[in-house]
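Residues 615 to 711 (the working numbering) are what the sequence shown spells out, left to right.
Ideal Cβ placement from N, Cα and C applies to all residues, glycine included.
In this text the structure is predicted, and so the values were computed from the model without any measurement.
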Amino acid sequence: MQCQTVLPGTECTFWGKQGCVFTDGSCQIIVENCEGCERIVTGTIGQVCGAYPAPVKKWANGICNFASHVKVEIKVDDAKAVNPLKASKKASGGKKK
Ligand code: SF4
């Protein structure tokens with residue numbers, strides 16, 4: 615149903631017949647870590663997240679997985695990259711018969 619408080623007219627899964635069923639009956643404003651994220655929208659209570667009602671929870675255990683401005687970098691060290699075939703031979707002793 616459509617939100618009628620923080621983001622009036624926006625489809626929201628938390629809005630039901632009794633109003634907003636999210637914690638405390640409302641979205642919460644963004645946190646400092648959200649600044650720069652493309653998902654920030656302006657609601658009646660200030661800047662909120664368009665993807666999740668409680669931004670502070672999204673950052674509680676590390677980087678928000680919805681964030682558009684921060685990416686988790688997985689570094690692969692090419693020098694240490696292992697050829698799976700060679701690794702297999704090495705593991706089996708690499709003996710030639
Ligand atoms: S997607 Fe994450 S970082 Fe972006 S505004 Fe929402 S909670 Fe904040």
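Next item on the list: Please find out if some non-hydrogen atom of ligand 1 comes closer than 6 Å to the beta-carbon of Lys672.
Entry: The residue given as residue 672 occupies position 58 in the sequence shown. With a threshold of 6 Å, the Cβ atom of Lys672 counts as near ligand 1, since some heavy atom of the ligand is closer than that.
Note to self: Please report the distance separating the alpha-carbon of Glu646 from that of Gly623.
What the structure shows: Position 32 of the sequence shown, counted from the start, is the residue given in the question as residue 646. Position 9 of the sequence shown, counted from the start, is the residue given in the question as residue 623. Distance between the alpha carbons of Glu646 and Gly623: 26 Å.
Check: Looking at C-alpha atoms only, which residue of Thr619, Pro667, Arg653 is the closest neighbour of Ser682?
Finding: Numbered from its first residue, the sequence shown carries residue 682 at position 68. Here the closest residue by C-alpha is Arg653.
Notebook entry, point to check: Sorry if obvious, but does the Cβ on Ile644 come closer than 6 Å to a heavy atom of ligand 1?
Noted result: Taking the first residue of the sequence shown as position 1, residue 644 is located at position 30. Correct: Ile644 has its Cβ closer than 6 Å to ligand 1.
Check: Where in the stretch 621-690 do unbroken runs of the alpha helix (DSSP H), each at least 4 residues long, occur, reported from the N-terminal end onward?
Finding: Counting only runs of 4 or more, we get 669-672.
Notebook entry, point to check: For Cys626, is the beta carbon positioned less than 6 Å from some heavy atom of ligand 1?
Noted result: On the sequence shown, position 12 is the one that residue 626 refers to. Checking every heavy atom of ligand 1 against the Cβ of Cys626, none is found closer than 6 Å.
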